[in-house]
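Trainee:
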Amino acid sequence: MESNIPPNFVPISPNSLKTNTTIGCDIYLLAETKSEVRYVLYCRRDAVFDEAKKSILVAQQIKSLFIKKEEQQTFYDYLEKNFHHIISDTSIPPDEKTKIVHGAATNLVKDLFEDPRSGSIDRTKAFAHNMVDYVLLDTKAAQSLLKIAIHEYNTYTHSVNVSAIGTLFGQKIGLGVTNLKGLCAGILLHDVGKTKISTDILNKEGKLTTEEFEIIKKHPEYGAEILDETGTEFKEERIVTIQHHENNDGTGYPYGLNKDKIHLCGKISRIIDVYDALTSKRSYSDAIRPFNALVQMKETMLNCFDSELFMEFIQFLGPYDPRKTQRKPYKWDT
Numbered sequence: 006m007e008s009n010i011p012p013n014f015v016p017i018s019p020n021s022l023k024t025n026t027t028i029g030c031d032i033y034l035l036a037e038t039k040s041e042v043r044y045v046l047y048c049r050r051d052a053v054f055d056e057a058k059k060s061i062l063v064a065q066q067i068k069s070l071f072i073k074k075e076e077q078q079t080f081y082d083y084l085e086k087n088f089h090h091i092i093s094d095t096s097i098p099p100d101e102k103t104k105i106v107h108g109a110a111t112n113l114v115k116d117l118f119e120d121p122r123s124g125s126i127d128r129t130k131a132f133a134h135n136m137v138d139y140v141l142l143d144t145k146a147a148q149s150l151l152k153i154a155i156h157e158y159n160t161y162t163h164s165v166n167v168s169a170i171g172t173l174f175g176q177k178i179g180l181g182v183t184n185l186k187g188l189c190a191g192i193l194l195h196d197v198g199k200t201k202i203s204t205d206i207l208n209k210e211g212k213l214t215t216e217e218f219e220i221i222k223k224h225p226e227y228g229a230e231i232l233d234e235t236g237t238e239f240k241e242e243r244i245v246t247i248q249h250h251e252n253n254d255g256t257g258y259p260y261g262l263n264k265d266k267i268h269l270c271g272k273i274s275r276i277i278d279v280y281d282a283l284t285s286k287r288s289y290s291d292a293i294r295p296f297n298a299l300v301q302m303k304e305t306m307l308n309c310f311d312s313e314l315f316m317e318f319i320q321f322l323g324p325y326d327p328r329k330t331q332r333k334p335y336k337w338d339t
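Residues 6 to 339 in the working numbering are what the sequence shown lists, from first letter to last.
1) In whole angstroms, give me the CA-to-CA distance for E317 and I178.
2) For a quick check, are the C-beta atoms of T246 and L314 less than 8 angstroms apart?
3) Leaving out five residues before and five after N25 in sequence, what residues of the same chain have Cβ atoms less than 8 angstroms from its Cβ?
4) Taking the C-alpha atoms as reference points, what is the distance between L207 and S285?
5) Could you pull the DSSP bridge partners for K43 from this structure?
6) Going along the chain, which residues of its own chain have a beta-carbon closer than 7 angstroms to the beta-carbon of G171, five neighbours each way excluded?
7) Three-state secondary structure (DSSP) at D265?
8) Using a threshold of 8 angstroms, state whether the C-beta atoms of E242 and L232 are closer than that.
9) Please name the residue, chosen from G211, P19, S312, T200, that lies closest to A229 on a Cα-to-Cα basis.
10) From the DSSP output, which residues share a beta bridge with V53?
11) Since P16 is in the alpha helix (DSSP H), which residue starts that stretch and which ends it?
12) Grouping DSSP H, G and I as helix and E and B as strand, with all else coil, what is S203?
13) So which of G236, E238, T237, C270 has the shortest CA-CA distance to E251?
14) Taking the alpha carbon of D82 as the point to measure from, which residue in T103, T129, K102 has its own alpha carbon closest?
15) Out of V197, L322, S290, E219, state which residue places its alpha-carbon closest to the alpha-carbon of L299.
16) Can you tell me the Cα-Cα spacing of K74 and I293, whole angstroms?
17) Which partner residues of F174 appear in the DSSP bridge assignment?
18) Which first and last residues belong to the alpha helix (DSSP H) in which F132 is found?
19) Measuring straight from C-alpha to C-alpha, what distance separates K152 and T215?
20) Can you tell me which of Q77, K86, L35, H90 puts its alpha carbon nearest to the alpha carbon of Q65?
21) Is I61 buried or exposed, if buried means 16 or more other CB atoms sit within 10 Å of its CB?
22) Helix, strand or coil: which one does DSSP assign to L3?
23) Where S164 and V114 are concerned, what is the direct C-alpha to C-alpha distance, given to the nearest angstrom?
24) Quick one: give me the first and last residue of the alpha helix (DSSP H) that F315 is part of.
25) Assuming I92 and Y139 form a contact by the criterion Cβ under 8 angstroms, report the distance between their Cβ atoms to the nearest whole angstrom.
26) With a threshold of 6 angstroms on Cβ separation, who are the neighbours of T183 within its own chain once the five nearest residues in sequence on each side are excluded?
If you want it as structure tokens, here you go:
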């Protein structure tokens, strides 16, 4: 069972494996001595990961298992199928559970952007619904999700971070479960229209030309078109996709809607989309601290946001205070 395979491996959590299932990829242990590092095959791809195998890992306090890099996709497919088991397993520490959730979500968004018509849109919607269940099931999920947000800006992590923050903020302002699920899925999908835009423009360092920015401004409409082409109803998801760059004062795009025409989920996604972009490190700029990002948003962009909703967002990011109350219930109409 021992192997001298070159170390092209990635770690996974033993807690991500459900007993009495086949994982679909080989699982390895790391055997390290002073003279060499070896990977020992622990569970074959077609073998059942049973209670006995799990008990050995627990008894020996094994914190990490390994899979081959080229089998990561198979492993993430496995995670998606067993996602509900992971989020409902109370034996998994909240921080570790959140790492598993964030990793699976990031991989799913990566699939989405590589081929948005391969069924990944429906997978994204299902995953978002499970993510909302996770937030509602686990009282510590909010703190863990905010803590783990990866502030290296790319389209995949940005979509996951914004959806996590949006779900938690939506919960804070009193949205119901159905609306939370629509909001979460919509934010995960909000940039899918960028798949129709050249990567040369998307990845350009520095300021875009006027012509390039006009192309970028088409991505909300492209995203709505992609959702429409699936033949599945995406009501709230479509609204987030088409409205996440609309501004309260009518200066946004693609339609220049004013505050009375922008849906609540569009207003939420606008605030959080900007916040995550400012607080994330990019290739051409450093991340801004959360407090400084909020100050910048208030001083230079407040006209873009619903002012009451923005103040709620500031409170949401601050320490929890039971005396803080919402001024009025937010209206959710589609």
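Backbone N, C-alpha and C define an ideal beta-carbon position, used for all residues, glycine too.
Only a predicted model underlies this, so the values are computations on that prediction, with no experimental measurement involved.
Mentor: Let me lay it out:
1) Here residue 317 corresponds to residue number 312 of the sequence shown, with the count starting at 1. Here residue 178 corresponds to residue number 173 of the sequence shown, with the count starting at 1. CA-CA distance, E317 to I178, rounds to 8 angstroms.
2) Along the sequence shown, read from residue 1 onward, the residue named residue 246 stands at position 241. Along the sequence shown, read from residue 1 onward, the residue named residue 314 stands at position 309. In this structure, T246 keeps its C-beta atom at 8 angstroms or more from the C-beta atom of L314.
3) By 1-based counting over the sequence shown, the position of residue 25 is 20. These residues qualify, in order along the chain: V53, F54, D55, E56.
4) Taking the first residue of the sequence shown as 1, we reach residue 207 at position 202. Taking the first residue of the sequence shown as 1, we reach residue 285 at position 280. If I take the Cα positions, the gap works out to 16 angstroms.
5) Position 38 of the sequence shown, counting from 1, holds the residue named residue 43. Note on identity: in this sequence residue 43 is Arg, with Lys being the wrong assignment. The partner list for R43 (beta bridge, DSSP) reads A36.
6) As a first step, residue 171 is located in the sequence shown; it is residue number 166 there, counting from the start. The residues are L188, C189, I192, I273, S274, I277.
7) Within the sequence shown, numbered from 1, the residue matching residue 265 stands at position 260. Here D265 sits in coil by DSSP.
8) By 1-based counting over the sequence shown, the position of residue 242 is 237. By 1-based counting over the sequence shown, the position of residue 232 is 227. For E242 and L232, yes; Cβs fall inside 8 angstroms.
9) The residue given as residue 229 occupies position 224 in the sequence shown. That would be T200, whose Cα lies nearest to the Cα of A229.
10) If you number the sequence shown from 1, residue 53 lands on position 48. Partner(s): T27.
11) Taking the sequence shown and counting its residues from 1, one reaches residue 16 at position 11. That residue, P16, is in no alpha helix (DSSP H); its beta strand (DSSP E) goes 14–17.
12) Translated into positions along the sequence shown, residue 203 becomes position 198. It is coil, neither helix nor strand.
13) The count along the sequence shown starts at 1 and reaches residue 251 at position 246. Residue C270 is the option with its Cα nearest to E251.
14) Taking the first residue of the sequence shown as position 1, residue 82 is located at position 77. When each option's Cα is compared against that of D82, the closest is T129.
15) Counting from one through the sequence shown, the residue named residue 299 turns up at place 294. Of the listed residues, the one whose Cα sits closest to L299 is L322.
16) On the sequence shown, position 69 is the one that residue 74 refers to. On the sequence shown, position 288 is the one that residue 293 refers to. Near 33 angstroms, if we compare the C-alpha coordinates of I293 and K74.
17) Counting from one through the sequence shown, the residue named residue 174 turns up at place 169. As DSSP reads the structure, F174 sits in no beta bridge.
18) Within the sequence shown, numbered from 1, the residue matching residue 132 stands at position 127. For F132, the uninterrupted alpha helix (DSSP H) run begins and ends at 125–142, by DSSP.
19) Position 147 of the sequence shown, counted from the start, is the residue given in the question as residue 152. Position 210 of the sequence shown, counted from the start, is the residue given in the question as residue 215. So the two alpha carbons sit approximately 37 angstroms from each other.
20) The count along the sequence shown starts at 1 and reaches residue 65 at position 60. When only C-alpha atoms are compared, the closest one is L35.
21) In the sequence shown, the residue the question calls residue 61 occupies position 56. Result: exposed.
22) The structure shown has nothing for residue 3, since the chain only spans 6 to 339.
23) Taking the first residue of the sequence shown as position 1, residue 164 is located at position 159. Taking the first residue of the sequence shown as position 1, residue 114 is located at position 109. Their Cα atoms are separated by approximately 7 angstroms.
24) Walking along the sequence shown from the start, residue 315 turns up at place 310. Start and end: 312–322.
25) Counted from its first residue, the sequence shown places residue 92 at position 87. Counted from its first residue, the sequence shown places residue 139 at position 134. So it is a contact: roughly 4 angstroms between Cβ atoms.
26) Translated into the one-based positions of the sequence shown, residue 183 becomes position 178. Result list for T183: empty, nothing under 6 angstroms.
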